[in-house]
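These protein sequence lines map, in sequence, to chains A and B. Start counting the first sequence at 6; every next residue gets the next number (my numbering). Start counting the second sequence at 22; every next residue gets the next number (my numbering). Glycine is no exception: its CB is placed at the ideal position from the N, C-alpha and C atoms.
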Amino acid sequence: MILDSKIPAGPLAEKWEKHKFNLKLVNPANKRKYDILIVGSGLAGASAAASLAELGYNVKVFTYHDSPRRAHSIAAQGGINAAKNYQNDGDSIHRLFYDTIKGGDYRAREGNVYRLAQVSVDIIDQCVAQGVPFAREYGGLLSNRSFGGAQVSRTFYARGQTGQQLLLGAYSAMNRQISTGKVKLYTRCEMLDLVVSDGKAKGIITRNLVTGAIESHAGHAVLLCTGGYGNVFYLSTNAMMCNVTATWRAHKRGALFGNPSFTQIHPTCIPVSGDYQSKLTLMSESLRNDGRVWVPKKVGDNRLPTEIPEEERDYFLERKYPSFGNLVPRDVASRNAKYACDEGRGVGATKLAVYLDFADAIKRDTEAVVAAKYGNLFDMYQQITGENPYKTPMRIYPAVHYTMGGLWVDYNLMTTVPGCYALGEANFSDHGANRLGASALMQGLADGYFVIPFTLGDYLATTGAGKLSTDTPEFKEALSGVQQRISKLLTMKGEKTVDELHRKLGLTMWDYCGMSRTAEGLNKAKGIISEIKKEFETNVKVLGANEEMNQSLEKALRLADFIELGALMVQDALDRNESCGGHFREEYQTPDGEALRDDENFAYVAAWEYSGDNQAPVMHKEVLQFENVKLTQRSYK
Amino acid sequence: MNTMNLTLKIWRQPNAKAKGEMKTYKISGINDHMSFLEMLDVLNEDLQKKGEDPVVFDHDCREGICGACSLVINGRPHGPQQTTTCQLHMRSFKDGDTIYIEPWRAKAFPVIKDLMVDRSAFDRIQHSGGYVSVNTGSAQDANNLPIGKEIADEAFNSATCIGCGACVAACKNASAMLFVSAKISQLAMLPQGQAERKRRAESMVAQMDAEGFGACTNTGACSAECPKEISMSNIAMMNREYLGAKLTSEAV
Numbered sequence: 006m007i008l009d010s011k012i013p014a015g016p017l018a019e020k021w022e023k024h025k026f027n028l029k030l031v032n033p034a035n036k037r038k039y040d041i042l043i044v045g046s047g048l049a050g051a052s053a054a055a056s057l058a059e060l061g062y063n064v065k066v067f068t069y070h071d072s073p074r075r076a077h078s079i080a081a082q083g084g085i086n087a088a089k090n091y092q093n094d095g096d097s098i099h100r101l102f103y104d105t106i107k108g109g110d111y112r113a114r115e116g117n118v119y120r121l122a123q124v125s126v127d128i129i130d131q132c133v134a135q136g137v138p139f140a141r142e143y144g145g146l147l148s149n150r151s152f153g154g155a156q157v158s159r160t161f162y163a164r165g166q167t168g169q170q171l172l173l174g175a176y177s178a179m180n181r182q183i184s185t186g187k188v189k190l191y192t193r194c195e196m197l198d199l200v201v202s203d204g205k206a207k208g209i210i211t212r213n214l215v216t217g218a219i220e221s222h223a224g225h226a227v228l229l230c231t232g233g234y235g236n237v238f239y240l241s242t243n244a245m246m247c248n249v250t251a252t253w254r255a256h257k258r259g260a261l262f263g264n265p266s267f268t269q270i271h272p273t274c275i276p277v278s279g280d281y282q283s284k285l286t287l288m289s290e291s292l293r294n295d296g297r298v299w300v301p302k303k304v305g306d307n308r309l310p311t312e313i314p315e316e317e318r319d320y321f322l323e324r325k326y327p328s329f330g331n332l333v334p335r336d337v338a339s340r341n342a343k344y345a346c347d348e349g350r351g352v353g354a355t356k357l358a359v360y361l362d363f364a365d366a367i368k369r370d371t372e373a374v375v376a377a378k379y380g381n382l383f384d385m386y387q388q389i390t391g392e393n394p395y396k397t398p399m400r401i402y403p404a405v406h407y408t409m410g411g412l413w414v415d416y417n418l419m420t421t422v423p424g425c426y427a428l429g430e431a432n433f434s435d436h437g438a439n440r441l442g443a444s445a446l447m448q449g450l451a452d453g454y455f456v457i458p459f460t461l462g463d464y465l466a467t468t469g470a471g472k473l474s475t476d477t478p479e480f481k482e483a484l485s486g487v488q489q490r491i492s493k494l495l496t497m498k499g500e501k502t503v504d505e506l507h508r509k510l511g512l513t514m515w516d517y518c519g520m521s522r523t524a525e526g527l528n529k530a531k532g533i534i535s536e537i538k539k540e541f542e543t544n545v546k547v548l549g550a551n552e553e554m555n556q557s558l559e560k561a562l563r564l565a566d567f568i569e570l571g572a573l574m575v576q577d578a579l580d581r582n583e584s585c586g587g588h589f590r591e592e593y594q595t596p597d598g599e600a601l602r603d604d605e606n607f608a609y610v611a612a613w614e615y616s617g618d619n620q621a622p623v624m625h626k627e628v629l630q631f632e633n634v635k636l637t638q639r640s641y642k
Numbered sequence: 022m023n024t025m026n027l028t029l030k031i032w033r034q035p036n037a038k039a040k041g042e043m044k045t046y047k048i049s050g051i052n053d054h055m056s057f058l059e060m061l062d063v064l065n066e067d068l069q070k071k072g073e074d075p076v077v078f079d080h081d082c083r084e085g086i087c088g089a090c091s092l093v094i095n096g097r098p099h100g101p102q103q104t105t106t107c108q109l110h111m112r113s114f115k116d117g118d119t120i121y122i123e124p125w126r127a128k129a130f131p132v133i134k135d136l137m138v139d140r141s142a143f144d145r146i147q148h149s150g151g152y153v154s155v156n157t158g159s160a161q162d163a164n165n166l167p168i169g170k171e172i173a174d175e176a177f178n179s180a181t182c183i184g185c186g187a188c189v190a191a192c193k194n195a196s197a198m199l200f201v202s203a204k205i206s207q208l209a210m211l212p213q214g215q216a217e218r219k220r221r222a223e224s225m226v227a228q229m230d231a232e233g234f235g236a237c238t239n240t241g242a243c244s245a246e247c248p249k250e251i252s253m254s255n256i257a258m259m260n261r262e263y264l265g266a267k268l269t270s271e272a273v
């Protein structure tokens, strides 16, 4: 298989413009002849649904939530980047492009990332026009802040609820199309398979979560806007229902999976407090602007933090990275917290936490100033932990946050299954091996508002508006496959609950395929995952019936796919004999313990092909071409 | 860390048509660091081990923003704190407590199963007019439209509604006016919302009535229980918008 990224030739700044002109158009009167299926209603899905319906296509949107507004985009806190340069501080499209490529540790495509930076400016205009209440200055103009160590202030924000406001904007645009009938909404409806016929995506199989009805939907194209798969780790900052099923099922139907092991671990989360823990809560990384990270110098020091004198504290980030200090990138901060805990210097009851201390900031700026900046975060911390961070240091620990990997897509966002597209976090395309803060919202909306409306038309114009039918052998095969999966789970009557097995998978992934990886550990993980798979397939306990609201069944169907994905992530991490971004292989580090890339051998996207149950997947390489940036080693010393 | 033993009285109802009832469960060894929903997770694991159907409830982000979770706990939507159920922790309870857990109760929110209700009426109200009609690609530069900080902040306050439905559950009339007014006010305050201002107020209020929500009698329970502290002044603004629209509009 030859992977064609379809990046247009020519100068970087002209690629998208030229490409748009070369794309075929669908005649306005013909658009109503096409049915588009969109799975997922977050930023990517809702923005695509609204934009495509405005163009005249018939759109069906599927979400497993009770309302599209619950999609996990809603939880993004920090902000959205755009190269507006409203602050006149030296930002430009090229600089946003450069920062994103470099931040991704040179494992993303130049062409895609440049386009992302180009359309970023249009996103802000669109959102403001919808009535999204971004933060403003007294003069009435939009406010910006610097985020995630960026040298310019290009982040637009709505207090700590930017994701919520952007999602409600996209949701409202979609609602307008629902009211006109151009978008038909299916809530509490989960995609369980992709239907491919004549080599093209022709529809999906869904389960109505209230009635259990298994249904077929045919469309001229299928857009997967289903987010990331961080919940393979069981504990993550993702919402409880986030899952990989839609993209994994597409993978099993022929869509290659790009860089599955590229995972972002966020350094400032509230630590695990016990075995019952169901999810982890992120605290905005803006806290590191004023908080100082430390652990006791002594191993096993059980004194209260306030009783440990200054000279017995190790401010390890400031010590190891004097120029960036506490503001080193997410991957570096996370890894160093892990090392401190591995050495036995972790704090709190579980010893899996480090301190984030605001005592100096409070002394310097007063408690009132600190409260004005971080009050809501301090309140949230106190609500969850019962501790007052104004009086005692916060305890933080890294947690899985975002997955850079996802379905491989070309420049048109099409997967290797013609007619099946992946948008937003569900694809692999723009963040390389590490995502910068405030870039996830940007990518989701770029794909939905400004990329897919152009690129989808080219495919539709080429393939034509053929008659749709669900009465085909392919639909029947997929439908009965789903029914069999369900009945197998319900009749197994094993001993282990879904959550027990999911926890075990999560722990394995976290220990061996998390912040720091070794060939030895990854090989061990392979064995454990195949045991978990066997146990799941023979000994899982799922009560109840299909024909009712059955949350255990939903979780079991998702876990089946997470287990298979976990195995692929481990394979991918094992295969990549270098360290880059969030992928840190202990065997490949500089003498100072920093990630050591191998550009000569690994400057490629690993795109994995499914080759059957219990068969080794096949890896295809898309070699990355860098014509506009020079590859350098990241250094934060 | 303290552990506690609790008695839970939980509404069980197999489906929309079945008759529901309160059932009693004993649960022990609950850690006060757990969230309320994690306590229910523990109960559900116990029930499944025993071969009993786990309790169904809506939940997702578990960080107080998606608006999915929705329980009436000891008679109060989202329980004793003014927050979402997912952000309520067991340290708000003590050893030996009996806790009553029920679904949102409103005609417009029929029970799907156990503690899960159907809130699609909220979406249909939004479909009827909760938007600014602007196609993708036709926006002007964002800074061509200055909006004073005070107005922007006020609009933001209204926009923080998470659509959980606690306002309806708290109201003796099951009125949705706090929810509806938050969206009407947000867009009525902003310059972007002016063109459709009257039409929006009329359509959304009409849809709200069609869904079977009750009227507002100004007791303020909605705002007092709202996890995002949406203010009652939104309702006053909506009434003004609606009356003004009815007196002058030719639209609906």
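> How would you label A:Glu-559, buried or exposed, when you count the other beta carbons within 10 angstroms and need 16 or more for buried?
Replying inline: Locating residue 559 of chain A in the first sequence gives position 554, counting from the first residue. Buried: at least 16 other Cβ atoms inside 10 Å.
> Going straight from the alpha carbon of A:Trp-613 to that of A:Glu-525, what length do you get?
Replying inline: On the first sequence, residue 613 of chain A is found 608 positions in, with the first residue counted as 1. On the first sequence, residue 525 of chain A is found 520 positions in, with the first residue counted as 1. Roughly 22 Å between the two C-alpha positions.
> For B:Ser-179, which residues of its own chain have a beta-carbon under 6 Å away from its beta-carbon, when the five flanking residues on both sides are left out?
Replying inline: Stepping through the second sequence from its first residue, residue 179 of chain B is reached at position 158. Excluding residues within five positions, the ones whose Cβ falls inside 6 Å are Ala-203, Ser-206, Gln-207, Asn-255.
> So which residues on chain B does A:His-507 lean against when the C-beta distance must stay under 9 Å?
Replying inline: In the first sequence, counting from the first residue as 1, residue 507 of chain A sits at position 502. Chain B residues near A:His-507: none, gap ~12 Å exceeds 9 Å.
> Would you say A:Ser-72 faces chain B, with C-beta separation under 9 Å as the test?
Replying inline: Numbered from 1 along the first sequence, position 67 holds the residue referred to as residue 72 of chain A. Yes - at least one Cβ of chain B is within 9 Å of the one on A:Ser-72.
>> Quick check: the region 27-41 of chain A against the region 126-137 of chain A, are at least 3 beta-carbon pairs closer than 8 Å?
In response: no
>> Let me check understanding here. Comparing Cα to Cα, which of B:Cys-188, B:Met-60, B:Gly-151 lies closest to B:Ala-245?
In response: Counted from its first residue, the second sequence places residue 245 of chain B at position 224. Nearest of B:Cys-188, B:Met-60, B:Gly-151 to B:Ala-245, Cα basis: B:Cys-188.
> Closest to A:Phe-102 by CA distance: which of A:Glu-115, A:Gly-95, A:Leu-261 is it?
Replying inline: The count along the first sequence starts at 1 and reaches residue 102 of chain A at position 97. It is A:Glu-115 whose Cα lies nearest to the Cα of A:Phe-102.
>> I want to see whether chain B comes within less than 9 Å of A:Pro-314, judged by CB atoms only; does it?
In response: Here residue 314 of chain A is taken as the residue at index 309 of the first sequence, counted from 1. Output row for A:Pro-314: interface = no.
> For B:Arg-221, which residues from the same chain have a beta carbon less than 6 Å from its beta carbon, with the 5 sequence-adjacent residues on both sides left out?
Replying inline: Looking up residue 221 of chain B in the second sequence gives position 200. The residues are Gly-150.
> Since A:Arg-581 is in the beta strand (DSSP E), which residue starts that stretch and which ends it?
Replying inline: In the first sequence, counting from the first residue as 1, residue 581 of chain A sits at position 576. Segment: none, A:Arg-581 is in no beta strand (DSSP E) and carries neither H nor E.
> Closer than 8 Å, Cβ to any Cβ of chain B: which residues of the region 440-461 of chain A, in chain order?
Replying inline: Tyr-454, Phe-455, Pro-458
> Helix, strand or coil: how does DSSP classify A:Ile-537 here?
Replying inline: Working through the first sequence from its first residue, we reach residue 537 of chain A at position 532. Helix.
> Do you know offhand how far B:Gln-228's Cα is from B:Thr-105's?
Replying inline: By 1-based counting over the second sequence, the position of residue 228 of chain B is 207. By 1-based counting over the second sequence, the position of residue 105 of chain B is 84. Spanning the two alpha carbons is a distance of roughly 26 Å.
> Taking all protein chains shown into account, do 16 or more other C-beta atoms lie within 10 angstroms of the C-beta of A:Lys-343, making it buried, or fewer, making it exposed?
Replying inline: Within the first sequence, numbered from 1, the residue matching residue 343 of chain A stands at position 338. The residue in question, A:Lys-343, is buried, as its Cβ has 16 or more Cβ neighbours within 10 Å.
> Three-state secondary structure (DSSP) at B:Pro-98?
Replying inline: The residue given as residue 98 of chain B occupies position 77 in the second sequence. Residue state, collapsed to three classes: strand.
>> For a test of the three-state rule: what should DSSP assign to A:Arg-602, helix, strand or coil?
In response: Here residue 602 of chain A refers to the residue found at position 597 of the first sequence. If DSSP states are grouped into helix, strand and coil, A:Arg-602 belongs with coil.
> Of all Cβ atoms in chain A, is any one closer than 9 Å to the Cβ of B:Tyr-152?
Replying inline: Within the second sequence, numbered from 1, the residue matching residue 152 of chain B stands at position 131. Chain A contact via Cβ: present.
> Terminal residues of the continuous beta strand (DSSP E) containing A:Ser-202?
Replying inline: Within the first sequence, residue 202 of chain A is the residue found at index 197, counting from 1. First-last of the beta strand (DSSP E) with A:Ser-202: 194-202.
>> Assuming B:Asn-52 is part of the beta strand (DSSP E), what are its boundary residues?
In response: The residue you call residue 52 of chain B lines up with position 31 of the second sequence. Here the beta strand (DSSP E) through B:Asn-52 covers 42-52.
> Leaving out five residues before and five after A:Thr-167 in sequence, what residues of the same chain have Cβ atoms less than 7 Å from its Cβ?
Replying inline: To locate residue 167 of chain A, count along the first sequence from 1; it is residue 162. Only Ala-81, Gln-82, Gly-83, Gly-84, Ile-85, Leu-446 meet the Cβ criterion.
>> Restricting to runs no shorter than 4 residues, where is the alpha helix (DSSP H) found entirely within the region 72-129 of chain A?
In response: 98-108
> From which residue to which residue does the alpha helix (DSSP H) around A:Ile-367 run?
Replying inline: Translated into the one-based positions of the first sequence, residue 367 of chain A becomes position 362. Per DSSP, A:Ile-367 belongs to the alpha helix (DSSP H) from 364-370.
> What three-state label does DSSP hand A:His-225 in the structure shown?
Replying inline: By one-based count along the first sequence, residue 225 of chain A stands at place 220. Three-state DSSP puts A:His-225 in coil, outside helix and strand.
>> I'd like the list of long-range same chain contacts for A:Glu-356, defined as Cβ closer than 8 Å, with 5 residues on each side in sequence excluded.
In response: Locating residue 356 of chain A in the first sequence gives position 351, where the first residue counts as 1. Reading off the sequence, residue 356 of chain A comes out as Lys, not Glu. So the list reads Cys-346, Gly-349, once near-sequence residues are dropped.
>> Does B:Lys-115 pass the burial test, meaning 16 or more other C-beta atoms within 10 Å, or should it be called exposed?
In response: In the second sequence, residue 115 of chain B corresponds to position 94, counting from 1. Per the 10 Å Cβ criterion, exposed.
>> Quick test of your reading: A:Arg-75 and B:Asp-81, contact by CB under 8 Å. State the CB separation rounded to the nearest angstrom.
In response: Indexing the first sequence from 1 puts residue 75 of chain A at position 70. Indexing the second sequence from 1 puts residue 81 of chain B at position 60. Right, the Cβ-Cβ distance comes to about 6 Å (below 8 Å), so this counts as a contact.
> Measuring from the CB of A:Ala-572, is there a heavy atom of the ligand COA at a distance below 8 Å?
Replying inline: Within the structure as shown, the ligand COA is missing, as the structure has no ligands at all.
> Around the C-beta of A:Lys-284, are 16 or more other C-beta atoms found within 10 angstroms, so that it is buried, or is it exposed?
Replying inline: Translated into positions along the first sequence, residue 284 of chain A becomes position 279. Its Cβ being crowded by 16 or more others within 10 Å, A:Lys-284 is buried.
> Tell me, which residues are paired with A:Cys-1 by DSSP?
Replying inline: There is simply no residue 1 of chain A to check, as chain A begins at 6 and stops at 642 in what is shown.
> Of all the options A:Pro-265, A:Gly-45, A:Val-118, which has the alpha carbon lying nearest to the alpha carbon of A:Phe-567?
Replying inline: Locating residue 567 of chain A in the first sequence gives position 562, where the first residue counts as 1. When each option's Cα is compared against that of A:Phe-567, the closest is A:Pro-265.
> First and last residue of the beta strand (DSSP E) that includes A:His-507?
Replying inline: Position 502 of the first sequence, counting from 1, holds the residue named residue 507 of chain A. Careful: A:His-507 lies outside any beta strand (DSSP E), inside the alpha helix (DSSP H) at 503-518.
>> Counting C-beta neighbours from all protein chains within 10 Å, is the total for A:Phe-631 16 or more, i.e. buried, or is it exposed?
In response: On the first sequence, residue 631 of chain A is found 626 positions in, with the first residue counted as 1. Exposed.
>> Considering only their Cβ atoms, is the gap separating A:Ala-18 from A:Lys-187 smaller than 9 Å?
In response: Residue numbering aside, residue 187 of chain A sits at position 182 when the first sequence is read from its first letter. Residue numbering aside, residue 18 of chain A sits at position 13 when the first sequence is read from its first letter. Cβ distance not < 9 Å, so A:Lys-187 and A:Ala-18 don't count as in contact.
> Are A:Asn-341 and A:Val-333 close, meaning C-beta to C-beta below 9 Å?
Replying inline: One-based indexing of the first sequence puts residue 341 of chain A at position 336. One-based indexing of the first sequence puts residue 333 of chain A at position 328. Against a cut-off of 9 Å, the Cβ pair of A:Val-333 and A:Asn-341 comes out as a contact.
> Near B:Gly-100, what residues of its chain come up, given a Cβ to Cβ distance below 8 Å and the 5 sequence neighbours on each side ignored?
Replying inline: On the second sequence, residue 100 of chain B is found 79 positions in, with the first residue counted as 1. Around B:Gly-100: Phe-57, Leu-92, Ile-94, Thr-106, Leu-109, Ser-113.
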